[in-house]
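J.:
2 protein chains.
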Amino acid sequence: MKQVSSTKGHMTLPVEVGQEEVVLDLYQRWQADALRDSDGTTMPESLAKQDSDIYSVVCLVRADQQFANQHPEYLHRKYLMSFPVTAMAETLVIQPLDGYSKDKYELDDDSDPKCWWEVRNRTTNTVIDVSLWEFDAATQQVLIKQTQPYHEYTVTFMARQVWDSVSMYNALTNDWKGPRIKSLDPYHPECRAHLIKHFAQWLDEHPNTTVVRFTTFAFLFVIDTGEQNQDIYRDWTGYGETVSPRALEDFEKRFGYALTPEDFVDAGYYNGTYKAPSKRYQDWMTFVQEFVVDFAAELVAMAHKAGKKSAMFQGDHWIGTEPFLESYQNIGLDINIGAVDDGVALRRLTDSMGEQTREARFYPYFFPDVFREGNDPVVESMSNWVKIRRAMLQKPLDRIGYGGYLSLANKFPHFIDHVSEISREFGDYLQHTQGTESQKLTGKIAVLSAWGKARSWLQNQARDQRFYVPPRPDVMEFVGNNLLECLAGLPFEVEFISFDDIIQNGISEDIKVIINTGDANSAWSGGECWDNSEVLVALRKFVGQGGGLLGVCDPSAFQKNGRYFQLGDVFGLEKETALTMGRVAMPLSIAKEHYLSQFVTEGLDFGNPSYVYPQATDIAVLAAQGQHLALTARNYGQGRSVYMGNLPFNMKNARLLQQVLIWLSHNETQQHAWLSDYPNVDVAYYPQTGMVAAVNYVSEPQQVTISNAIGEFVNISLEGYEWKWISI
Amino acid sequence: MKQVSSTKGHMTLPVEVGQEEVVLDLYQRWQADALRDSDGTTMPESLAKQDSDIYSVVCLVRADQQFANQHPEYLHRKYLMSFPVTAMAETLVIQPLDGYSKDKYELDDDSDPKCWWEVRNRTTNTVIDVSLWEFDAATQQVLIKQTQPYHEYTVTFMARQVWDSVSMYNALTNDWKGPRIKSLDPYHPECRAHLIKHFAQWLDEHPNTTVVRFTTFAFLFVIDTGEQNQDIYRDWTGYGETVSPRALEDFEKRFGYALTPEDFVDAGYYNGTYKAPSKRYQDWMTFVQEFVVDFAAELVAMAHKAGKKSAMFQGDHWIGTEPFLESYQNIGLDINIGAVDDGVALRRLTDSMGEQTREARFYPYFFPDVFREGNDPVVESMSNWVKIRRAMLQKPLDRIGYGGYLSLANKFPHFIDHVSEISREFGDYLQHTQGTESQKLTGKIAVLSAWGKARSWLQNQARDQRFYVPPRPDVMEFVGNNLLECLAGLPFEVEFISFDDIIQNGISEDIKVIINTGDANSAWSGGECWDNSEVLVALRKFVGQGGGLLGVCDPSAFQKNGRYFQLGDVFGLEKETALTMGRVAMPLSIAKEHYLSQFVTEGLDFGNPSYVYPQATDIAVLAAQGQHLALTARNYGQGRSVYMGNLPFNMKNARLLQQVLIWLSHNETQQHAWLSDYPNVDVAYYPQTGMVAAVNYVSEPQQVTISNAIGEFVNISLEGYEWKWISI
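Here the protein sequences line up with chains P and X, keeping their order. Counting in full-length UniProt numbering, the first sequence runs from 1 upward without gaps. Counting in full-length UniProt numbering, the second sequence runs from 1 upward without gaps.
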């Protein structure tokens, strides 16, 4: 139990020159105990000596632009695939950068194209021999000979990035002028040595800084940029921007085989995190992680030696640092900072291992897109806060913070009050929980995906996301199936496991329910990972011997051996993919007597029609959309399975998920203390402090009756959005 | 030009004992010239000598039940796959017939299981050695040894059919008692000899019959029946019920390789017609066709020798007779009869080659399901008739007819009048067209599928069909994408081509537009047929050199080489299948200046959201559903491409299709004589008779202005549903 004092603050406040009085005012009202600078702001002198922690941002790879300009050979590089070009004759000219931003990318002239590039016929998927193509540096063109008419060709080339993606985004969004910021690749020993020297000097020049806020260490996630300087590809957890000839050579020494350009461009799919990863890509990730952890650990040690703590912001150049993997602990960080706008993002911050302090950087950022006349920033903030609170009840959070221009926020007194209230509630939470964890139901829930632990609590993007236009184009608003958000606020122990985990270690004894949720072909559902009889046998055995299996959307989807759902035998159903249209559809009849039937109520949302139909007579159809199955349950051996078409996030869906997980765990006949059955109210019990929290998700007052530990019923009344603590 | 008299009739009238006066009355009013018996009815003596053609039904394989009962070894057999069973231990017992109708199927005890059956591990897809399993005839069980726990196993077995599917359906639907009818497999020479003898006797016994109406020759399409005697699988054009050890042995001699049980059960997919066929399945079809044509030709020759014409009803036991293939002409039939409920069904009847008379058997059948109190049979009939008329304007039809109980129809005087009107319109049509064909626009339209010609004008069933509950469970009501119905009434020459056609013969010079329409994985879209660079090159070249390509739903869908739509380069788009979610979606902007923009009006229906997005900057987005592309156009080389999300049938969609095909043919600047631009009015010009037909699809009056052959505008007024003829 961490000892949390009620008097000291718990918030990191952004500062701004000229706003010193505002800062001092909000420092009190928001219960701050730390100050930070932000992108575009600096620490006012008068505040830098305040009795508080002083966070100072450092993004080392962007810190020395003079060095970056002098050393193009140390700039970040990446593999890009030219857009496919169709040969109309027997020679073909491809301009590799066609379609890509000329402001951001240059063809890398430090690496020999014949050695590091690759030309492919994409119609036959064959590599074109280097003798059959030439790169002309003067025209920046590749001439391919002996092409086959009406075949498509691509050139995979190494591009040098001459404008850092984040700086580019900020400059274009805020219309910043000034030089284009470049970032350096510390994988080059000379470059690394220079950056280390630069950081040593930075430490000397920041005597008042108590916390070094790394943003972050070496490599950015993937943003590819098109001809109009528009984003054309994004992967927040992608390792595509970590490549250099030197690193590729070292990889071959380390792993005993060489990666090819195709391993990176992946036929144009670029190893998107939403795809099941190849073994080769995973090896590359390991290789990058080893380097980044080593580099980051050196920086952190320097900060410690200078008497400062170190914090990492889990965004921007964070690739290679993986909070859910063991290697992360070798960095030696003191504070993990995560940008948090919902329950899933909070759990991504709070659920990783290690003793780091967890600090949530909340949205909205104090930027003009939200803090503009006519807009109410409280709407977005409250919508986030009610989701975050649910998740906070499940895993401890240590600190909160904001970013951006205080001067903007201060124009909205209503928002200032709202944050004061958030901070007050957070202070009470710290006080009443003392950093301890609330009680969970028995039985661990495992979420099975191709990534497992490495991508714990990562939003499972789905196909519908592409076809949704969010109000703010740069802020992801998650649509469709969203089981994780439902789960983030439920009282279950959750872990994330991969297919490899099952193959190598089997299924751990303490796992009571396994969830597989996601679109077919995605890493979340598993894609080709389901092409493995060991996995199928392990899961059938798990359920057969008493486990619970929950499939949502396209669980176990992989076309093989007469099944699309490889575990369709366990679920008792199949998806129509145009291969079984001759199977006669029988009109569905909805089961009314099943244990779960009582929880099928108005307001549940199963998203898109599932195209799933029954393939067993002993399946209980609990809900359907027309003839599309939406919710089914079945017994299999000693165990149970449930299928759901989709599970978008809303509180009724979340509560249904709770009931489904209880049934799948065979826990439905047990008495559960302090467990809410009400859609809008979450209740958590902290046995180590003897406190119970009840929190109202909505603006309407709620009246609930909850069973306590000895089976007595307790009435709790909550005002709109109220968070109440009860001592027992 | 066939000479059609206006005085003689053109309809085949069903007769019924006790209804002689009704028959004689309707014979006049409906302009009949032929009488027929139906299933369940016989020809009254007094009518059999009427001065008209007398059609008599013969279904030879069901004709001699005594022989069938004496010779179980000649009954129809088929391969069925047991439903998969999961091994829970190291031995497993499978009861092959579990889940199948015991009234219909028996395990075939004439063929040695060890020779003709197959046991498979479906988890690893391996054949279990015959030494590891035993069939116990006493218990009707298969015992499998050394099974792997939690693997699934199946037994593929030969089943004997002891109840003919059609007889079973009729008996269960109409609650007929009496013995269960069996059908005989004439592939056995002894059986064939007996049936020939039986038919000779039948001919002797039917001196008044002028037309032998075969229903049909040898093998039924596929209906699999479950434990509750319910249909569990249907394939109206499937060859699954043609199997016998003798035929399999002969196949091996003929084709030089042996088929396996798996070739028939196909991992439980049973070679559904909606699936792209394997080469082996196509060989089997050829083998069956050779036999059936030979057998049928023998019967037809006997009928001819007896001075009778022969008609074939294209339903029931019609497998092996393929009206669109050359072999069909060797049968020597005089009349093709098709059951026709819409334009596609009509074109399936009228568009096949050969000099046969074409007779459409209309719906509804005079059965109690439609002809019951409170129901108006005219509604269904008129809905069919307006679709059929459009298609009749494109290809000549010779005769019409009905089936069922006249006594039932006669209870609905309104329906009697309605049919009188249909027959009058049909008589006018014969008179004014004289069997000639209306003028078409220049440029042939080819529909590309895995089947090509063999499955011309077959409804392209789609995934949504399964999830639609029709008002009458036994009558297929087609939902969703239905380009063929739109096309059936448009003035284009249409042919159906396959991928093999393209590979073997290239694309014929006279083809101006190629259509690919259907769900991914289906034979209609093409499935694995798209895994062929020759096909891709031929189609890109076709468009590149000036051709038109129309893709609907999932054109060219096959996941390979970085594309889901293999011709996505030609269309300029891609489908999201969860592999490209990182590609950033740009909000769509709708093109208003494209030639086709003028035709994008209210009332168009693009069906389900497409999940398709632009992948080219030079694509014209003409319509979208949210951000899902619904209609796009693009130039590619000298040619053009159009994509549509879906094209359900309605008249606005049909007219849009007309405009799209005109644009794709580069015909948009030409003057088209007698071409309707109006959604509800079709116009056809018959150059050989100098007549123009205008027909109103709807009950509201229509006013249209049509350009004649010399560019003058002609006004035509039509009452609701009116069909007008204009002499020019």
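Glycine residues also receive a C-beta, built at the ideal position from the N, C-alpha and C atoms.
(1) If you run the structure through DSSP and keep just helix, strand and coil, what is P/Pro614?
(2) Spatial neighbours of P/Glu493 within its chain, please: C-beta separation below 6 Å, excluding the five flanking residues on both sides.
(3) Using the three-state DSSP reduction, which class does P/Ser327 fall into: helix, strand or coil?
(4) Can you tell me where the beta strand (DSSP E) holding X/Asn715 begins and where it ends?
(5) Alpha carbon to alpha carbon, what distance is there between P/Pro609 and P/Val714?
(6) Tell me the residue span of the beta strand (DSSP E) that contains P/Met81.
(7) Taking 8 Å as the threshold (C-beta atoms), are X/Phe199 and X/Leu299 in contact?
(8) Count the C-beta pairs between the region 163-175 of chain X and the region 220-227 of chain X that are closer than 8 Å, then say yes if the count reaches three, no if not.
(9) Any Cβ of chain P within less than 8 Å of the Cβ of X/Ser449?
(10) Quick one, which residues of the region 517-538 of chain P are near chain X if we go by CB-CB under 7 Å, in chain order?
(11) Taking buried to mean at least 16 other C-beta atoms within 10 Å of its own C-beta, is X/Ala303 buried or exposed?
(12) Following the continuous beta strand (DSSP E) through X/His194, name the residue where it begins and the one where it ends.
(13) Mind listing the chain P neighbours of X/Pro587? Cutoff is C-beta to C-beta under 7 Å, in chain order.
(14) Note down the Cα distance separating P/Phe157 from X/Tyr79, rounded to an integer number of angstroms.
(15) Tell me the rounded alpha-carbon separation between X/Lys724 and X/Pro648.
(16) Using a Cβ cut-off of 8 Å (strictly closer), state whether X/Lys541 contacts chain P.
(17) Within 8 Å (strictly less), CB to CB, does P/Met1 reach chain X?
(18) Any idea what DSSP makes of X/Val543, helix, strand or coil?
(19) According to DSSP, what are the bridge partners of X/Gly568?
(20) So X/Pro84 contacts chain P; which residues on that side make the cut at Cβ distance below 8 Å?
(21) Take the Cβ of P/Met1 as the centre, count every other Cβ of all protein chains shown within 10 Å, and call the residue buried at 16 or more, exposed below.
(22) Given P/Tyr281, which residues of its chain have a CB within under 7 Å of its CB, disregarding the five upstream and five downstream residues?
(23) Going along chain P in order, which residues have a C-beta closer than 9 Å to the C-beta of X/Gly544?
(24) Tell me, please, whether the CB atom of X/Gln201 is closer than 8 Å to any CB atom in chain P?
(25) Could you tell me the distance, in whole angstroms, from the CA atom of P/Ala654 to the CA atom of P/Lys8?
(26) Which residues in chain X sit within 8 Å of P/Ile232, going by Cβ to Cβ distance?
(27) For my contact list, X/Val212 and X/Ser381 are in at a C-beta cut-off of 8 Å; report their separation, rounded to the angstrom.
(28) Using 8 Å for Cβ pairs, my map puts X/Gly332 next to X/Ala297. What's the rounded Cβ distance?
(29) Starting from the Cα of X/Leu132, find the closest Cα among X/Ala138, X/Gln615, X/Arg120 and X/Met353 and give me that residue.
(30) Under 9 Å, CB to CB, which of the residues in the region 124-139 of chain P have a partner in chain X?
(31) Taking 7 Å as the limit between beta carbons, can you name the residues of its chain near X/Tyr187, skipping five residues before and five after?
(32) Given this structure, state the Cα-to-Cα distance separating P/Ile726 from P/Asp682, to the nearest angstrom.
(33) Buried or exposed: which applies to X/Ile590, given that a residue is buried once 16 or more other Cβ atoms fall within 10 Å of its Cβ?
(34) Measure from the alpha carbon of X/Trp318 to the alpha carbon of each residue in X/Ser717, X/Ile416 and X/Phe217, then state which is nearest.
(35) For the beta strand (DSSP E) containing X/Tyr685, list its first residue and its last residue.
(36) Using the DSSP secondary-structure output, state which residues sit across from X/Val340 in a beta bridge.
T.: Put simply:
(1) Three-state result, P/Pro614: strand.
(2) Within the same chain, and ignoring the five residues on either side of P/Glu493 in sequence, the residues whose Cβ sits closer than 6 Å to its Cβ are Lys440 and Lys444.
(3) Three-state result, P/Ser327: helix.
(4) X/Asn715 -> beta strand (DSSP E) spans Phe713 to Leu718.
(5) Rounded to the nearest whole angstrom, the C-alpha separation of P/Val714 and P/Pro609 is 40 Å.
(6) Arg77 to Met81 is the extent of the beta strand (DSSP E) around P/Met81.
(7) Between X/Leu299 and X/Phe199, the CB-CB gap stays under 8 Å.
(8) Touching, yes, given that three or more Cβ pairs across the two stretches are closer than 8 Å.
(9) Judged by the 8 Å Cβ criterion, X/Ser449 is not in contact with chain P.
(10) Residues passing the 7 Å Cβ filter: Asp519, Ala520, Asn521, Ser522, Ser533, Leu536 and Val537.
(11) Classification of X/Ala303: buried, given that the 10 Å Cβ count is 16 or more.
(12) Careful: X/His194 lies outside any beta strand (DSSP E), inside the alpha helix (DSSP H) at Pro189 to Glu205.
(13) Neighbours of X/Pro587 on chain P, chain order: Val469.
(14) Our two residues, P/Phe157 and X/Tyr79, have alpha carbons roughly 54 Å apart in a direct line.
(15) So the alpha carbons of these two residues sit roughly 27 Å apart.
(16) For X/Lys541, the nearest beta carbon of chain P is closer than 8 Å to its own beta carbon.
(17) Residue confidence is low: P/Met1 scores 49 on pLDDT, short of 50, so the model does not pin down where it sits. No coordinate-derived value is stated.
(18) Here X/Val543 sits in helix by DSSP.
(19) In DSSP, X/Gly568 forms no bridge with anything.
(20) Here the neighbours are Gly562 and Asp569.
(21) Low local confidence applies: a pLDDT of 49 at P/Met1 is under 50, so the model's placement there is unreliable, and no value is given.
(22) Excluding residues within five positions, the ones whose Cβ falls inside 7 Å are Asp263 and Asn271.
(23) Thr86, Met88, Pro149 and Tyr150, listed in chain order.
(24) By this cut-off, X/Gln201 is not an interface position.
(25) Distance between the alpha carbons of P/Ala654 and P/Lys8: 35 Å.
(26) For the C-beta of P/Ile232, the chain X residues within less than 8 Å are, from N- to C-terminus, Arg583 and Val584.
(27) Wrong, their Cβ atoms sit about 28 Å apart, outside the cutoff.
(28) Sure, about 6 Å apart at Cβ, within 8 Å.
(29) For X/Leu132, the nearest C-alpha among the options comes from X/Arg120.
(30) Within the region 124-139 of chain P, the residues whose Cβ lies closer than 9 Å to some Cβ of chain X are Thr124 and Asn125, listed in chain order.
(31) These residues qualify, in order along the chain: Ser244, Arg246, Ala247 and Phe291.
(32) Distance between the alpha carbons of P/Ile726 and P/Asp682: 13 Å.
(33) With a 10 Å radius around the Cβ and a threshold of 16 neighbouring Cβ atoms, X/Ile590 comes out exposed.
(34) Nearest option by C-alpha distance: X/Phe217.
(35) Its beta strand (DSSP E) spans residues Val681 to Tyr686.
(36) Per the DSSP secondary-structure output, X/Val340 pairs in a beta bridge with X/Phe362.
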